[in-house]
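Chains A and B supply the protein sequences, listed in that same order.
Counting in the numbering used here, the first sequence runs from 1 upward without gaps.
Counting in the numbering used here, the second sequence runs from 686 upward without gaps.
Working notes, beginning with the structure itself.
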Amino acid sequence: MENKSTNRNILFDSIRQSFAKLTPRVQVKNPVMLVVYIGALFTTALYFLSFAGIQDENSGYILAIAIILWLTVLFANFAEAIAEGRGRAQAATLRRARKDVKARKLKSKDNVNESTEVLSADLKKGDVVYVKAGEQIPMDGEVIDGAASVDESAITGESAPVIRESGGDRSAVTGGTTLVSDWLVIEVTAEAGTSFLDKMIAMVEGASRKKTPNEIALQILLVTLTIIFLVVSATLLPFSSFAAAQAKAGSAISITNVIALLVCLAPTTIGALLSAIGIAGMSRLNQANVLAMSGRAIEAAGDVDVLLLDKTGTITLGNRQASEFLPVNGVTERELADAAQLSSLADETAEGRSIVVLAKKKFGIRGRELSRLNATFVPFTAKTRMSGVDYQGTQIRKGAADAVKTFVQEKGGTYPEECERLVKHVAVSGGTPLVVEKDNRVLGVIYLKDIVKNGVKERFEDLRKMGIKTIMITGDNPMTAAAIAAEAGVDDFLAEAKPETKLSLIRDYQAKGHLVAMTGDGTNDAPALAQADVAVAMNSGTQAAKEAGNMVDLDSSPTKLIDIVRIGKQLLMTRGSLTTFSIANDVAKYFAIIPVLFFSIYPQLSALNFMRLTSATTAILSAIIFNALIIVALIPLALKGVKYREVPAGNLLDRNLLVYGLGGIVTPFVAIKLIDMLLTAFGIV
Amino acid sequence: MSYIVVQDLFYIVFLIALSVPLGIYIDKVMTGQKVFLSRAFAPLENGIYKIMGTRSDEEMGAKKYTLSVLLFSGIGFVFLFLLLLLQGVLPFNPEGIKGISWHLAFNTAASFVTNTNWQAYSGESALSYLSQFLGLTVQNFVSAATGIAVLFALIRGFVLKRQSTIGNFWVDLTRATLYILIPLSFVIAVLLVSQGVVQTFSPYRAVTTLESGAAQTLPLGPAASQIAIKQLGTNGGGFFGMNSAFPFENATPFSNFIEVLSILLIPAALCVSFGKAVKDGRQGRSIYLVMMIFFAVSLVAITACELFTGPGFNGVAASGNMEGKEIIHGVGGSSLWTVVTTAASNGSVNTMHDSLTPLGGMLPMFLMQLGEIVFGGVGSGLYGMLAFVLMTVFIAGLMVGRTPEYLGKKVEPFDMKMVCLIILAPPLLSLLGTAATVLIPAASAWLTNSGAHGFSEILYAFSSLANNNGSAFMGFNANTVYTNVLGGIIMLLVRFIPMAAAIYLAGNMAKKKTVAVSAGTLSTTNGVFVGLLIGIILIIGALSFFPALALGPIADYFTS
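Below is the structure:
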């Protein structure tokens, strides 16, 4: 319901904006449409002059041309306005979050009791503020003390609160978000006007939108075509007057018709939709909850041919799961499963739970109450690297192979050769081995498997077809990494990844001419993010990471990179396809106009009028009506983007050429003929 | 009929067979590798560098390269201008021909420096031997060599990575002249002399003809040497006014074949050199193919027009439209020459283009209007074509979802600016020149025809001038102050604006890194790309000229 009314608001607002954009100040920014604009002014002037007796055509005809040209300009304005509309609505919501609040500024960061109240707008970089539950964070900053849950829905739209705490990779807070619990001491890192929220508002609103290099290059091409057509149309005045004198028949063509011809030929379709396409691309990215710091970054995303993907969360499910019990000789699988299950009952980790599940599935071992067994749970610590359970004098431990080995041997037990073999087997096949021992006797190994996400293999296969290489980044050892890489079907992997190795990997690829995209969140990712061509920082990450990246993913989702590439490619494809369509249109427009244009001089030229258009008047009107309507008809496509599939470049080209190239030639023939028939039916000849 | 088919097929096969080895050779020469002539010419080459005060390893950036081109052409222009004005008092002038008017000298100097060879004079009555061999022949060589030099500067732009220089103009110029143009011209000149093309410093000879004993003066001169380079260098300026329709320029069917072959030889070979130089023969092949398709289709079309759409004479079967054609060349030989000379920016003629059938006359006009890129001028044709390739890559590249790239180099705003300058200059100047001329009240008095054909004559003239072709439709009185000055300015602009743009494009490309090729990269060698390139060239050409052509040859066709 609300959505509907928003859409209606955007629509009305856009119509209003289309008229507001008629000022010359806005029009000069788009050279192609400026030509139409000047043409509209000119024909309007010609219309009024016709009352003074200065007329080169029937005044009703001149008026019709003038009106259609004004509509053409308005349609172009409307396309841009409606593309901006969604952003404007989003910006309005964000603005509400940016209201000034009172902040408690601390005299020193160690003493939270001594504070002065200042307006958030007056905060300077380096100021330290204290925020309590229920209060709004006044400005972007770095948490230097405390931990709290923060509601960031104002920015991300995600209502579940997130944890923010000092140190580590979750220390960045954004002004305009609200503390749900606890308190934080925050060092301010931005000032009013340059905060993340300010940037975000500017970005979604399109206020800071600069033309991207590719847009500029395309603009140059369009201006060139317009100049050619300007000269082609203008020179027709002397040409036709000379020809009329030579043929001793007819007269030079009228200025009105020259203007109509020029507007038809100039690439107005793409000229009108170009900025809408760019804004819509940005907007699609925003809808995917990604903020690009520049339009350039989206285009770069289309060019990316190497993706660095973090294994966890992108390629594999976040958690490993138990998939097999591998007992050593003399132990039954059930005995191993039983011990493993016991040791995991109180283990709240996902791995622990998966062991319980597997034991139940395989042997029907049901959950037992630890308190009834009189058991105590021994939790995992970084020091022991084992967890387990003690009950009725029995000790069960499970943990990393070398930790259990030392543990057993220290207590005088033996660590069987076979266990070593099993451990190695698991590691080689991409799993993580957990060794289980009971009272100094090694029972066997639990095979914890990294679960590769459903469908990623196909996804990577598609990317490969498009010429995009996927590289898995993982902290695992090379053996495990290789196994998972093979299973997921990535092209390459970087095992035991460290920030430095990531950075040098990116540099290597770039030196070979590749464009690299990556996601990162930690401060130590910052150098790699700064080096990558497309660098997506997680919103949950540190300030340093966000500054180093050229996009921020508000959802902090590791698979986002693939969506970003898609949006980038789609943006460029839409631009290219509509350009092709626009230029291809000219063929039909020529065949509509030229034969009838010189009819009075060389009636024989109507042999070329194979569309059998009724008269010069209907032919020219049909062509410029088509020219105006096609802009409106293509607005949805400009906003949505052309269809995108993950196939090789050759197939994409074939398809788009067929649809927009061939379609661009055929469509206007049909449409112009239809409009001509309508005009004729209404008696306009 | 079947003779014509055999002749045309023979021509194409021969052209391809010769252009491949020559292309490989040119690449070696221009990239400084050893060739079989190196031993003989290297000392001479080094001597030339010493005299010029340049070093062969001294590299130039785009600005310096452009300035060198302009300086060299400027000096050549002034020298030729003065020579033509002062020829009356200079030696090698057995006929005592006086200096020509300032505007004709301006026009002729501009014409030969720009590789156009538009001729508003008749060689035998207006120029001394000195003007011909020291003025025109020299420019025939160096203007062609300049084209090759600039082409290779552009090719280096694609090949080099992160460099600020694109070679040395003086070295490129010297190598192109010394190793390519001079040896080839020598071979062609000897072949032509063997067929009876004149090569002498003797004065004109007076003879008494068999026809009622009338006296006739036979013009002579050092023609063969100039004709060889006139064809090879896509210059086209005839030694004599009648150009290659005159027996002393073009004596036999064999000499005709050699001359018409030498027009396309170097432009075709440069496609092969391009493939070699960028280390991907397929890139050169696809461009060669595009040019060949345009050429072959035009050849078939014009031959058909001349054979079948000529005027009928009361049902008397004629072997096509023979008006304005030499009997010895016939429809086939004349059509072939007409297409070759306008596909390349040569402009020499062995037939009267004004007398072609309306549609037959439109084809050479349209070939020029495409921007002289179907083989085109030596060097300039290919760099013009590469501009169209970049434009095609730009549009097609976007359609595959990447910012466009060609040979691994991203096409960015500055590159597009240069590409557009190269593509924009010829059609704009053609149209504006024509428009300015038809506005002159006296214009129709300069024409030999009225009606649509009269308009065609003016349109043809300016299409020829504004594409550095130089061929004349005839029928348009060319030697007036107005046409000489306007024509001269147009020729200079349309030569040097795209040329400078090509060099700056090279400079910018050389600075870039190379992007790796993947399945996501747009192929610039497959059939789809070839088709798309043809489409873009046709659309730009047709959109620019269709209205004007409708008032000229098309109206001519429908009204005659």
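Note that CB positions come from ideal geometry on N, CA and C, so glycine has one too.
Rounded C-alpha distance that separates A:Ala671 from B:Gly1220: Roughly 22 Å separates the two Cα atoms.
Against chain A, does B:Thr1042 count as a neighbour if the rule is that its beta carbon must be under 8 Å from one of theirs? Under the Cβ criterion of 8 Å, B:Thr1042 is not counted among the residues facing chain A.
From this set, A:Pro213, A:Leu373, A:Ala337, A:Gly475, which residue's C-alpha is nearest B:Lys1102's C-alpha? It is A:Pro213 whose Cα lies nearest to the Cα of B:Lys1102.
Measure the alpha-carbon distance for A:Thr256 versus A:Trp70 and round it to whole angstroms. Taking the straight line from one Cα to the other gives about 14 Å.
Restricting to Cα atoms, I'd like to know which of B:Lys1196, B:Leu955, B:Leu771 is closest to B:Tyr1068. Ranking B:Lys1196, B:Leu955, B:Leu771 by Cα distance to B:Tyr1068 puts B:Leu955 first.
Does the beta carbon of B:Thr1244 sit closer than 8 Å to a beta carbon anywhere in chain A? Closer than 8 Å to the CB of B:Thr1244 there is at least one CB belonging to chain A.
Can you look up B:Arg890 in the DSSP assignment and give me helix, strand or coil? Reduced to three states, the DSSP call for B:Arg890 is strand.
Residues of chain A with CB under 9 Å from B:Ala986, in chain order? Listed by position along chain A, the residues whose Cβ is nearer than 9 Å to that of B:Ala986 form an empty set, because the closest Cβ is around 17 Å away.
If you follow the alpha helix (DSSP H) that B:Trp787 is in, where does it begin and where does it stop? Membership of B:Trp787 in the alpha helix (DSSP H) is indicated by the continuous run 787-798.
Per-residue burial, A:Met139 [other beta carbons within 10 Å of its own, 16 or more giving buried]: Note on A:Met139: 16 or more other CB atoms within 10 angstroms of its CB, so buried under the neighbour-count rule.
Inter-residue spacing [alpha-carbon to alpha-carbon] between A:Val290 and B:Arg967: Approximately 41 Å, taken between the alpha carbons.
Among the residues of its own chain, which have a CB less than 7 Å from the CB of A:Leu342, if the five just before and after it don't count? Result list for A:Leu342: Val389, Ile396, in chain order.
Only counting runs of 3 or more residues, tell me where the beta strand (DSSP E) segments fall wholly within the stretch 374-432 of chain A, in order along the chain. Every unbroken stretch of the beta strand (DSSP E) spanning 3 or more residues and falling wholly within the stretch 374-432 of chain A is given here in chain order: 375-378, 386-391, 394-399.
Spatial neighbours of A:Ala526 in its chain, beta-carbon cut-off 6 Å, leaving aside the 5 residues before and after: Once the five neighbours on either side are set aside, the close Cβ partners of A:Ala526 are Ala544, Ala545, Ala548.
Could you give the uninterrupted runs of the alpha helix (DSSP H) lying entirely in the stretch 750-789 of chain B, keeping only those of 4 residues or more? Fully enclosed alpha helix (DSSP H) runs of 4 or longer: not present.
Compare the beta carbon distance of B:Asn853 and B:Ser741 with 8 Å and say whether it is the shorter of the two. With contacts defined by Cβ atoms closer than 8 Å, B:Asn853 and B:Ser741 form a contacting pair.
Could you tell me how far apart the beta carbons of B:Trp803 and B:Met1176 are, in whole angstroms, since I believe they sit closer than 8 Å? In this structure B:Trp803 touches B:Met1176 by the C-beta definition: roughly 7 Å separates them, less than 8 Å.
If we call anything under 8 Å between Cβ atoms a contact, is A:Met479 one with A:Ala427? A contact, by the Cβ cut-off of 8 Å.
How about A:Leu308 and A:Val516: do their beta carbons lie closer than 8 Å? With respect to the 8 Å criterion, A:Leu308 and A:Val516 are classified as neighbours on the basis of their beta carbons.
Can the beta-carbon of A:Ala584 be found less than 8 Å from the beta-carbon of A:Met611? Cβ atoms of A:Ala584 and A:Met611: not closer than 8 Å.
Taking 8 Å as the cut-off, decide whether the C-beta atoms of A:Gly39 and A:Leu262 are in contact. Yes.
Cβ-based neighbour list, B:Trp1172, same chain, cut-off 7 Å, excluding 5 preceding and 5 following: In the sequence as presented, Trp is not what sits at residue 1172 of chain B; that position holds Gly. So the qualifying residues of the chain are Asn792, Trp803, Leu1150.
Closer than 9 Å between beta carbons: that is the criterion. Which residues of the stretch 1056-1087 of chain B meet it against chain A? Result list: Met1076, Phe1079, Ile1080, Ala1081, Gly1082, Leu1083, Met1084, Val1085, Gly1086, Arg1087.
So, with DSSP's three-state summary, where would you put B:Tyr1068? B:Tyr1068: helix per DSSP, three-state reduction.
Determine whether the Cβ of B:Leu1150 lies closer than 8 Å to any Cβ atom of chain A. Cβ-Cβ to chain A under 8 Å: no for B:Leu1150.
Going along chain A in order, which residues have a C-beta closer than 9 Å to the C-beta of B:Ala1233? Near B:Ala1233 (Cβ distances below 9 Å), the residues of chain A are Val232, Thr235, Leu236, Phe239.
Are the CB atoms of B:Ser929 and B:Gly1155 within a distance shorter than 8 Å? Contact check for B:Gly1155 against B:Ser929 fails: the beta carbons are separated by 8 Å or more.
Would you tell me roughly how many angstroms separate the C-alpha atoms of B:Lys719 and B:Phe726, rounded to the nearest one? Their backbone Cα atoms lie some 11 Å apart in a straight line.
Report the residue from A:Thr432, A:Thr614, A:Gly60 whose alpha carbon sits nearest the alpha carbon of A:Thr43. Relative to the Cα of A:Thr43, the nearest Cα in the group A:Thr432, A:Thr614, A:Gly60 belongs to A:Gly60.
What do you get for A:Thr93, buried or exposed, if any count of 16 or more other CB atoms within 10 angstroms of its CB means buried? Around the CB of A:Thr93, fewer than 16 other CB atoms lie within 10 Å, so the residue is classed as exposed.
Starting from the Cα of A:Ser240, find the closest Cα among B:Val1200, B:Leu1116, B:Gly969 and give me that residue. Comparing Cα positions, the closest option is B:Leu1116.
Within chain A, partners of B:Pro1112 - CB distance below 7 Å: Around B:Pro1112, the beta-carbon contacts reaching into chain A at under 7 Å are Ile228.
Which whole runs of the alpha helix (DSSP H) in the stretch 529-594 of chain A are 4 residues long or more, in chain order? 543-548, all fully within the stretch 529-594 of chain A.
Taking 8 Å as the cut-off, does the stretch 626-642 of chain A touch the stretch 71-90 of chain A (at least 3 CB pairs, one atom from each stretch)? As far as the Cβ criterion goes, the stretch 71-90 of chain A touches the stretch 626-642 of chain A, which means the pair count is three or higher.
Within the 8 Å Cβ cut-off, does A:Glu2 reach chain B? At A:Glu2, the pLDDT of 47 sits below 50, so the modelled position is not reliable and the matter cannot be decided from this model.
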